[in-house]
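Chemist: Keeping their order, the protein sequence lines are chains Y and C. Residue numbers 11 to 346, in this note's numbering, belong to the letters of the first sequence in order. Residue numbers 11 to 346, in this note's numbering, belong to the letters of the second sequence in order. Each residue gets a CB set at the ideal place from its N, CA and C atoms; glycine is no exception.
Protein chains: 2
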Amino acid sequence: MTPEMSAVRLHETGGPQSLRIDRTLVPEPGEGEVVVRLRAASLNHRDVFITQGLYPNIRMPVTLGSDGAGEIVALNGDSLGLRTGEEIVIDPMLGWGNDPSVWDSKSSLLGMPRDGTFAQYVAVPAANVYRKPELLSMEEAAAIPLAGLTAYRAIFTRGALARGETVLITGVGGGVQTFVLLFAKHAGARAIVTSSSDEKLERATALGADLTINYKTVPDWEKRLRSEGPIDLVVDSSGGETLRKALDAVRPGGRIVVYGGTNGDATIKMFPLFWKHVSILGTSMGSPQDFAAMLELFRSNLRPVVDRVFSLRDAVAAMQRLANADQFGKVVLRID
Amino acid sequence: MTPEMSAVRLHETGGPQSLRIDRTLVPEPGEGEVVVRLRAASLNHRDVFITQGLYPNIRMPVTLGSDGAGEIVALNGDSLGLRTGEEIVIDPMLGWGNDPSVWDSKSSLLGMPRDGTFAQYVAVPAANVYRKPELLSMEEAAAIPLAGLTAYRAIFTRGALARGETVLITGVGGGVQTFVLLFAKHAGARAIVTSSSDEKLERATALGADLTINYKTVPDWEKRLRSEGPIDLVVDSSGGETLRKALDAVRPGGRIVVYGGTNGDATIKMFPLFWKHVSILGTSMGSPQDFAAMLELFRSNLRPVVDRVFSLRDAVAAMQRLANADQFGKVVLRID
């Protein structure tokens, strides 16, 4: 292990351009921790938001990055059966706590305040390390953690999607919604997806989407959906107008799971909410139980959707792709 | 059985004053139905809304009234073990269907379109008739059905209230919220109630409320509640500003159950919804399972809160009391 490594670090906010590739010290494992030699990492909107200063309590300098895969190179204390050299993937949720229904108030995500995965090495608790699914490459494994966790909890733990049900996925293309589509089809559900991009809708069809709607050309999509059978579940990260329409579109007794709010606050009508017995269910990230169950799905032949692979030194260009919402699936960094 | 009876009927909308006390025919029991000689009925906001024309598809003339208690005087077909002379209370939810999570689209409430309980006799399906809890008077039994059903489903079936939890009851005084308070205390929960009336707050304290807040004098009650420990569940029928504040007040992982929207549409912030994993759960009325479980609570020493008893011929004055929101608990009609 060399004492120094490359890491993508934020010293001041101002967008992805503010990131620097630093030479910094390889971390030491604390008690109950492991050090991982990272081979790949993946990007989340959270990383972009942090560079833009759109996150509370930003600590700097910090190595960004929640998602990573690599090999264990050092252990300290209870290794939970892990061995040096083992290929692993990291659960980025640190200290979720004992209540499966919500995080502990002291929990946090890897990659701020704790130094993250956009580096050659990272130290994490041994409890956050899981064996890499054998069929996946390092790039594929690194694409999974935070988005896969958020999607799994949204669709199953919160949304309770069942075989044969219909799920509406609003604004497909981002990392989480692409996993929602993958998981929905894997679970034997019917998937309806919306996007403003015909190209993304074509990609979604190739992944198994049963019906696609361009919300730019069909702005009253909630009316269009009335002839498409009952919508059992909506998974949304937009809020605003989209959530208002989702409440119209969902069937009586249906569920709307919300894990973001990029379109801002939502004005919702009370009558369809209470009259139709609709459940609006907030979610973000997920519990260790969610992570373990989610990763199991990838031990058969399921594969995440990798949009593009950049090298670690091109992290700024990779982030820009995410900031522009150009991607379909996950943007990955290869770490040499 | 006389062929004619008195009934409070609506021939045209225009508020409670439009009601008439008619002489009309005693109903005959259809197949699988019973005829009940009513001894008491109780009022719901639904009845007022119907007189005001604020309800879809109003059929007239119609005998209003969802809630009633009395004795069985006639049976037709499968009597489900019921006998003439038996003292009963009526579940007003007609044709809920087989899905406990939501009503069937063909379901309806007794008292429009089907003639209801503001009359000396009513015909209802035998399946909607339950033995009156022995300790209750006819007036008390008639106070329970729709409000008790709505409250039970809100707090338990949807809200999953557990012993030791804290529930916030916004705007206590109406029929449903008074049952929510009763049930919450019966279940061993801590109850915080709000109202604009100090008199109603005093009544709530007498019923066991642990903390009361006048939202007129403490308009930022959601901030005041921060020092009162975590709020696990909010039960609300206001919507609007109240729902927005409830989202601030509820703990991470908490639930907000909504069964009405008297304050209009709500603009809700996305961040606390998804970040705190909050569940906003719509509900209205309840299933046969809810009704049976709710009624069981009254077979011990629990008693509903009767605000005032009017005679059937004073139905207009009784409705006016409800329309003015002057009541605390249920407004009942005695039927001679």
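1. Which chain C residues are close to residue 279 (chain Y), counting only those with a beta carbon under 8 Å from its beta carbon?
2. Could you tell me which whole alpha helix (DSSP H) segments of length 4 or greater appear in the segment 158-207 of chain Y?
3. Near residue 71 (chain C), what residues of its chain come up, given a Cβ to Cβ distance below 7 Å and the 5 sequence neighbours on each side ignored?
4. Please specify which runs of the alpha helix (DSSP H), each continuous and at least 4 residues long, are wholly inside the segment 267-328 of chain Y, giving them in chain order.
5. Check the Cβ-Cβ distances between residue 263 (chain C) and every residue of chain Y, and say whether any is below 9 Å.
6. Measure from the alpha carbon of residue 274 (chain C) to the alpha carbon of each residue in Y:281, Y:269, Y:270 and Y:275, then state which is nearest.
7. Using the C-alpha atoms, what's the distance from residue 43 (chain C) back to residue 193 (chain Y)?
8. I'd like the span of the beta strand (DSSP E) that includes residue 34 (chain Y), first residue to last.
9. Look up residue 247 (chain C) in the DSSP assignment and give the residues it is bridged to.
10. Strictly by DSSP, which residues pair up with residue 81 (chain C)?
11. Give a yes or no on whether the minimum CB-CB distance between residue 282 (chain C) and chain Y is below 9 Å.
12. Residue 150 (chain C) by DSSP, collapsed to three states: which one?
13. For residue 116 (chain Y), decide whether its Cβ has a neighbour in chain C, counting only Cβ atoms nearer than 9 Å.
14. Can you grab the Cα-Cα spacing for the pair residue 139 (chain Y) / residue 229 (chain C), in whole Å?
15. Tell me which residue opens and which closes the alpha helix (DSSP H) that residue 228 (chain Y) is part of.
16. May I ask you to list, following chain order, the residues of the segment 285-312 of chain C that have a beta carbon less than 8 Å from some beta carbon of chain Y?
17. What separation, rounded to the nearest whole angstrom, lies between the Cα atoms of residue 239 (chain C) and residue 247 (chain Y)?
18. Using the beta-carbon count (16 or more within 10 Å), is residue 265 (chain Y) buried or exposed?
19. With a threshold of 8 Å on Cβ separation, who are the neighbours of residue 207 (chain Y) within its own chain once the five nearest residues in sequence on each side are excluded?
20. Check whether the segment 110-118 of chain C and the segment 336-343 of chain Y are in contact - that is, three or more C-beta pairs closer than 8 Å.
21. Is residue 106 (chain Y) close to chain C, meaning its C-beta is less than 9 Å from at least one C-beta of that chain?
22. With a threshold of 8 Å, are at least 3 pairs of Cβ atoms found where one atom belongs to the segment 151-161 of chain C and the other to the segment 169-178 of chain C?
23. Answer yes or no: do residue 48 (chain Y) and residue 79 (chain Y) have a C-beta to C-beta separation smaller than 9 Å?
24. Distance cutoff 9 Å, beta carbons only. Does residue 250 (chain Y) sit that close to anything in chain C?
25. How would you label residue 29 (chain C), buried or exposed, when you count the other beta carbons within 10 angstroms and need 16 or more for buried?
26. Does chain Y have any CB closer than 9 Å to the CB of residue 236 (chain C)?
27. With 9 Å set as the bound, which would you pick, yes or no: does the beta-carbon of residue 173 (chain C) sit closer than that to a beta-carbon of chain A?
28. Could you please give the first and the last residue of the uninterrupted beta strand (DSSP E) stretch that includes residue 139 (chain Y)?
29. Once the 5 residues before and after residue 14 (chain Y) are set aside, which same chain residues still bring their CB inside 6 Å of it?
30. I'd like to know whether the C-beta atoms of residue 17 (chain Y) and residue 73 (chain Y) end up nearer to each other than 9 Å.
31. Would residue 76 (chain C) count as contacting chain Y if we go by Cβ distances under 9 Å?
32. For my contact list, residue 255 (chain C) and residue 231 (chain C) are in at a C-beta cut-off of 8 Å; report their separation, rounded to the angstrom.
33. Residue 83 (chain Y) versus chain C: which residues are under 7 Å apart at the beta carbon?
34. So which residues of chain C does residue 260 (chain Y) contact, with C-beta pairs closer than 9 Å?
35. With a 10 Å radius around its C-beta and 16 neighbouring C-beta atoms as the bar for buried, classify residue 233 (chain Y) as buried or exposed.
36. Give me the residue from C:98, C:198, C:149 and C:137 with the minimum Cα distance to residue 171 (chain C).
Modeler: In this structure, then:
1. 271 and 275
2. 185-196
3. The answer, listed in chain order, is 19, 20 and 21.
4. 280-285 and 298-307
5. yes
6. Y:281
7. 48 Å
8. 29-35
9. In the DSSP output, where bridge partners are listed per residue, residue 247 (chain C) has none listed.
10. C:47 and C:97
11. yes
12. Residue 150 (chain C): helix per DSSP, three-state reduction.
13. Chain C, which has no Cβ nearer than 9 Å to the Cβ of residue 116 (chain Y), makes this no.
14. The alpha-carbon separation between residue 139 (chain Y) and residue 229 (chain C) amounts to approximately 48 Å.
15. Careful: residue 228 (chain Y) lies outside any alpha helix (DSSP H) and carries neither H nor E.
16. 285, 286, 287, 288, 289, 290, 291, 292, 293 and 294
17. Cα-Cα distance, rounded: 30 Å.
18. buried
19. These residues qualify, in order along the chain: 183 and 224.
20. Result no; under three Cβ-Cβ pairs closer than 8 Å.
21. no
22. no
23. yes
24. yes
25. buried
26. no
27. Looking for chain A here will not work: the only protein chains present are Y and C.
28. 139-141
29. 33
30. Between residue 17 (chain Y) and residue 73 (chain Y), the C-beta gap is smaller than 9 Å, which places the two residues in contact.
31. no
32. 7 Å
33. Going along chain C, no residue has its Cβ under 7 Å from residue 83 (chain Y), so there is no contact; the nearest lies around 35 Å.
34. Scanning chain C for C-beta atoms nearer than 9 Å to the C-beta of residue 260 (chain Y) yields nothing, as the closest lies near 10 Å away.
35. Exposed, because fewer than 16 other Cβ atoms sit within 10 Å of the Cβ of residue 233 (chain Y).
36. C:198
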